[in-house]
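Asks:
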Amino acid sequence: MTLPSERIADHLAGRPIMVVGRAGMDIYPMPDGTRVEDAHELVNDVGGSSGNIAVSIAKQGHPVMLLSAVSNDGVGRFVTRSLGEYGVDTRHCFVTTGLERTSLAMAETTTDSPDVTIYRNDAADLAITPAHAEAVDVAALGAIIITGTALSREPSRSACERLFELAGDAGCPVVLDIDYRAQAWASPDEAREILAGMARRVQMPVGNDEEFDLIAGGGGRDFAAGLAEGGALVLYKMGEGGCDILEGGGEAHIGIFRVTALKPFGSGDAFLGTTMATLAAGPDRAA
Numbered sequence: 018m019t020l021p022s023e024r025i026a027d028h029l030a031g032r033p034i035m036v037v038g039r040a041g042m043d044i045y046p047m048p049d050g051t052r053v054e055d056a057h058e059l060v061n062d063v064g065g066s067s068g069n070i071a072v073s074i075a076k077q078g079h080p081v082m083l084l085s086a087v088s089n090d091g092v093g094r095f096v097t098r099s100l101g102e103y104g105v106d107t108r109h110c111f112v113t114t115g116l117e118r119t120s121l122a123m124a125e126t127t128t129d130s131p132d133v134t135i136y137r138n139d140a141a142d143l144a145i146t147p148a149h150a151e152a153v154d155v156a157a158l159g160a161i162i163i164t165g166t167a168l169s170r171e172p173s174r175s176a177c178e179r180l181f182e183l184a185g186d187a188g189c190p191v192v193l194d195i196d197y198r199a200q201a202w203a204s205p206d207e208a209r210e211i212l213a214g215m216a217r218r219v220q221m222p223v224g225n226d227e228e229f230d231l232i233a234g235g236g237g238r239d240f241a242a243g244l245a246e247g248g249a250l251v252l253y254k255m256g257e258g259g260c261d262i263l264e265g266g267g268e269a270h271i272g273i274f275r276v277t278a279l280k281p282f283g284s285g286d287a288f289l290g291t292t293m294a295t296l297a298a299g300p301d302r303a304a
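Take 18 as the starting number for the sequence shown in the numbering used here and just add one per residue.
#1: Of all the options 212, 266, 163, 235, which has the alpha carbon lying nearest to the alpha carbon of residue 249?
#2: Pull up the DSSP beta-bridge partners for residue 231, would you.
#3: Tell me which residues share the same chain as residue 294 and place their Cβ nearer than 6 Å to its Cβ, disregarding the 5 neighbours each side in the sequence.
#4: Taking only the alpha-carbon atoms, compute the straight-line gap between residue 132 and residue 21 and give it to the nearest angstrom.
#5: My assumption, with CB atoms under 8 Å, is that residue 173 sits in contact with residue 212. Please give the rounded CB distance.
#6: Taking only runs that begin and end inside the region 96-154, name each unbroken alpha helix (DSSP H) of 4 or more residues, in chain order.
#7: Specify the secondary structure class of residue 269 as computed by DSSP and reduced to three states.
#8: Please report the straight-line C-alpha distance between residue 233 and residue 51, rounded to a whole angstrom.
#9: Count the CB pairs spanning the region 145-154 and the region 116-136 that are closer than 8 Å, and state whether there are at least three.
#10: Return the residue from the list 136, 128, 264, 47 that minimises the CA-CA distance to residue 39.
#11: Find the nearest neighbour of residue 49 within the set 228, 157, 245, 128, judged by alpha-carbon distance.
#12: May I ask which residues mark the beginning and end of the alpha helix (DSSP H) holding residue 68?
#13: Express the C-alpha separation of residue 47 and residue 228 in angstroms, rounding to a whole number.
#14: Looking at the structure shown, is residue 53 part of a helix, part of a strand, or coil, going by DSSP?
#15: Report yes or no: do three or more beta-carbon pairs, one from the region 59-75 and one from the region 93-102, lie closer than 8 Å?
#16: Let me make sure I understand the geometry here. Which of 81, 274, 113 has the alpha-carbon closest to that of residue 92?
#17: Who are the near neighbours of residue 269 in its chain, counting only those whose CB is closer than 8 Å to its CB and skipping five residues on each side?
#18: Can the beta-carbon of residue 34 be found closer than 8 Å to that of residue 105?
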């Protein structure tokens with residue numbers, strides 16, 4: 018029997034990955050450990066869950082592109098330029114023409130209760146439409162990664178649904194990074210309905226234990242196991258407890274690699290990006 022991971026890896030080989038959703042500017046007070054209110058120096062970089070995942074894939078040497086939208090201003094141009102410098106294909110990063118703005122995040126680089134504030138009123142990345150999805154050559158892609166935030170508002174939600182339909186027609190695997198952010202949704206009930214519905218349909222749902230509990234309404238581990246029994250490759254993350262890989266009626270546990278942490282956010286994006294690049298590299302590297 019061919020496992021879901023093998024089917025996904027086979028389709029990924031030699032094909033670019035498309036990530037869909039949020040890319041913005043992250044701003045950090047310097048030096049590391051400085052609180053925002055005490056800062057006299059700031060540095061910036063590209064951020065956002067989808068942007069981070071795309072950069073992680075690019076750093077591993079696998080071709081990747083981002084479907085998103087940025088505002089027609091210096092912040093939007095910074096994001097697009099920075100993504101390109103990291104090696105991300107930005108041909109599907111569109112420029113909005115309305116009052117939407119590229120999101121900003123002010124984040125402290127510390128593990129001691131860091132303050133992270135994200136500014137996302139009228140976020141530009143949520144302005145992608147089904148027409149943007151239809152402009153993508155889905156048949157040429159190895160996989161599509163949809164982040165949960167991209168499903169939180171229209172027209173981005175409909176764009177993701179259209180992309181999912183096109184992926185089904187092309188036999189292209191779809192990955193859902195649940196990526197639950199309470200402030201992005203009208204209510205937890207809406208998030209549960211939309212995210213659970215998508216998780217049941219994609220080939221590879223990814224989330225942590227709290228996110229699976231949320232979309233299942235409790236009993237997230239059983240929900241994840243049910244998705245695997247239905248034919249999906251499920252990554253069930255548990256923070257410092259590692260990650261369980263569920264597929265084909267079996268499971269494997271992957272522990273963590275001890276590192277000196279600088280901040281507690283963004284690691285999940287790097288994890289998914291590296292996982293996808295490793296799957297694409299084939300069994301020799303994956304082993």
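All C-beta atoms in this analysis are idealised placements derived from N, C-alpha and C, irrespective of residue type, glycine included.
In this text the structure is predicted, and so the values were computed from the model without any measurement.
Replies: Judging by the given coordinates:
#1: In the sequence shown, the residue the question calls residue 249 occupies position 232. Answer by Cα proximity: 266.
#2: Taking the sequence shown and counting its residues from 1, one reaches residue 231 at position 214. For residue 231, which the question treats as bridged, DSSP gives no partner whatsoever.
#3: Counting from 1 along the sequence shown, the entry for residue 294 is found at position 277. Excluding sequence neighbours, residue 294 sits near 74, 77, 79.
#4: Position 115 of the sequence shown, counted from the first residue, corresponds to residue 132. Position 4 of the sequence shown, counted from the first residue, corresponds to residue 21. So the alpha carbons of these two residues sit roughly 39 Å apart.
#5: One-based indexing of the sequence shown puts residue 173 at position 156. One-based indexing of the sequence shown puts residue 212 at position 195. Contact doesn't hold; Cβ gap of about 14 Å is too wide.
#6: 147-151
#7: As a first step, residue 269 must be located in the sequence shown, where it is residue number 252. Here residue 269 sits in strand by DSSP.
#8: Taking the sequence shown and counting its residues from 1, one reaches residue 233 at position 216. Taking the sequence shown and counting its residues from 1, one reaches residue 51 at position 34. If I take the Cα positions, the gap works out to 38 Å.
#9: no
#10: As a position in the sequence shown, residue 39 is number 22, starting the count at 1. Comparing Cα positions, the closest option is 136.
#11: Locating residue 49 in the sequence shown gives position 32, counting from the first residue. Relative to the Cα of residue 49, the nearest Cα in the group 228, 157, 245, 128 belongs to 128.
#12: Stepping through the sequence shown from its first residue, residue 68 is reached at position 51. Residues 66-76.
#13: Position 211 of the sequence shown, counting from 1, holds the residue named residue 228. Position 30 of the sequence shown, counting from 1, holds the residue named residue 47. Between residue 228 and residue 47, the C-alpha separation is close to 32 Å.
#14: The count along the sequence shown starts at 1 and reaches residue 53 at position 36. Helix, per DSSP.
#15: yes
#16: One-based indexing of the sequence shown puts residue 92 at position 75. That would be 113, whose Cα lies nearest to the Cα of residue 92.
#17: Start at 1 with the first residue of the sequence shown, and residue 269 comes out as number 252. Correct list, in chain order: 261, 262.
#18: By one-based count along the sequence shown, residue 34 stands at place 17. By one-based count along the sequence shown, residue 105 stands at place 88. Result no, Cβ atoms of residue 34 and residue 105 do not sit closer than 8 Å.
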